[in-house]
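Heads up: the sequence shown begins at -10 in my numbering, then just goes up one per residue.
The beta carbon of each residue, even a glycine, is placed where N, CA and C say it ideally should be.
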Amino acid sequence: MLETDYKKCIEACLECLVICKQCAVACLNEKEVEHLKKCIQTNLECAAICNTAVEIMSLNGKFAKELCAICVKACEACAEECEMHAKMGMKHCEECAKACRECAKICKEMAA
């Protein structure tokens, strides 16, 4: 597989990485942070996994597919957590869930 084959997935992972970090910061700035601990942790883990997937895909690494499969799990978990908070009117969580769902979809195709 050529590096260019990873382009769409790298872009989705980078987008997700940025939005997850922005969501974590926005959660930290909410008045009641206590109930957002799991969301923040999940955001940061998802961002870290997306970053690692980008790094390995950019190297055309032999573990890229496996990392994309892990990225799917992280993105789906993050999306589920953020969707709960989005229902409470947290726009940043709504945007994060959307980015995570899109990244999971693209990573799932890459991992197959």
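Between GLU44 and HIS24, what straight-line distance do the alpha-carbon atoms span, to the nearest angstrom?
-> 32 Å
Apply the 10 Å Cβ neighbour rule to MET(-10) and answer buried if 16 or more other Cβ atoms are within range, or exposed otherwise.
-> Interpretation of MET(-10) is limited by its pLDDT of 46, a score under 50 that renders its predicted location unreliable; the figure taken from the coordinates is listed afterwards. Burial call: exposed.
TYR(-5) vs ALA53 beta-carbon contact at 9 Å = yes
Could you give the distance in angstroms between the alpha-carbon of VAL14 and the alpha-carbon of CYS28?
-> 11 Å
DSSP three-state assignment for ALA68, whether helix, strand or coil = helix
By Cβ distance, which residues of its chain are closer than 7 Å to GLU109, with the 5 residues on each side in sequence left out?
-> Because the chain is modelled from -10 through 101, residue 109 falls outside the range shown and cannot be assessed.
Given that a residue counts as buried once 16 or more other Cβ atoms are within 10 Å of its Cβ, and exposed if not, what is VAL61?
-> buried
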